Each structure stands twice: as structure tokens, then as C-alpha cells.
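Student:
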Amino acid sequence: MIVVKEDMLALTPDFRRGLKARAHALKPVVWIGAAGLSDNVVNELDQRLKSHELIKIKVASDDWEIRNALLEKICGRLNAAPVQHIGKMLVIYRPEPEKTKN
43 MIVVKEDMLA LTPDFRRGLK ARAHALKPVV WIGAAGLSDN VVNELDQRLK SHELIKIKVA
103 SDDWEIRNAL LEKICGRLNA APVQHIGKML VIYRPEPEKT KN
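Heads up: the sequence shown begins at 43 in our numbering, then just goes up one per residue.
See below:
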């Protein structure tokens with residue numbers, strides 16, 4: 043179950059657990075280097091979320107607080123939900139918008 047919380051999606055614990063299981067086999071699709079979160083990186087993340095809903099991101103920073111702030115910033119800008127943050131790996135989820143039926 044998904045709940046909208048301010049500018050970010052919030053997930054129920056059961057739904058998050060299922061997403062973590064799905065994300066286990068995924069490879070990172072976006073790498074964020076020392077330059078941080080540029081507009082190009084945000085656009086790439088947006089495109090990947092439109093294609094996959096659930097993505098892994100690898101961050102170059104060694105500082106946990108910087109990575110955590112980056113996760114919150116990404117989720118806020120893309121209206122996504124943080125799923126997991128382990129080491130330098132971030133997992134985010136944004137449900138695919140409902141497709142209109144023709």
C-alpha cells in the first residue's frame with residue numbers, strides 16, 4: 043500500500059518488504075559521482091523510474107549522512123518513495139502512472 047506523505051510517497055512495511063525482495067536481484071541503473079545530483083542525473087532517474095518503477099542507484103560518497111540526504115532529495119524531487127539504503131546503494135520506487143485505455 044502506498045500513502046502520499048507531503049512531497050514524498052510513503053510505503054507500508056509489508057509493501058516495502060516486497061519491494062526489497064524484488065530489488066535484491068537488480069543491478070544499479072544510475073551512478074551518482076562526486077558532482078552530486080545534477081539536472082541531468084535527475085532527468086535520467088525520472089526516465090528510469092518511468093520504465094522500471096523500482097530502481098537501484100549507486101552513490102560514490104563515503105559519508106552516510108550525505109547519501110541519506112541525497113536519497114531524501116531524490117525522492118522529494120521525483121515524488122518517489124525510499125525503499126532501502128544499504129552502504130552506497132539506494133533503492134527507490136515510484137508507481138507507474140495508470141495508462142489510459144483507448
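Quick reminder that beta carbons are idealized off the backbone N, C-alpha and C, glycines included.
Everything numeric in this text was worked out from a predicted model, so none of it was measured.
Does the structure place the stretch 73-83 close enough to the stretch 98-115 that three or more beta carbon pairs sit under 8 Å?
Tutor: Touching, per the Cβ criterion.
Student: I need the DSSP call for H66, collapsed to helix, strand or coil.
Tutor: Sequence index remark: in the sequence shown, residue 66 carries index 24 (1-based). Residue state, collapsed to three classes: coil.
Student: Runs of 3 residues minimum, wholly inside the stretch 88-133: which ones carry the beta strand (DSSP E) assignment?
Tutor: Those beta strand (DSSP E) runs which fall completely within the stretch 88-133 and span 3+ residues are 96-101, 123-128.
Student: Ordered along the chain, which non-local residues of its own chain (more than five positions away) have a Cβ less than 6 Å from that of V133?
Tutor: As a first step, residue 133 must be located in the sequence shown, where it is residue number 91. These residues qualify, in order along the chain: A65, K98, V125, Q126.
Student: Could you tell me which of I108, D56, L112 sits nearest to L87, measuring between CA atoms?
Tutor: Locating residue 87 in the sequence shown gives position 45, where the first residue counts as 1. Nearest of I108, D56, L112 to L87, Cα basis: L112.
Student: Answer yes or no: do A123 and L79 have a C-beta to C-beta separation smaller than 8 Å?
Tutor: One-based indexing of the sequence shown puts residue 123 at position 81. One-based indexing of the sequence shown puts residue 79 at position 37. For A123 and L79, no; Cβs fall outside 8 Å.
Student: Specify the secondary structure class of R58 as computed by DSSP and reduced to three states.
Tutor: Counting from 1 along the sequence shown, the entry for residue 58 is found at position 16. Looking at R58 - three-state DSSP - the assignment turns out to be helix.
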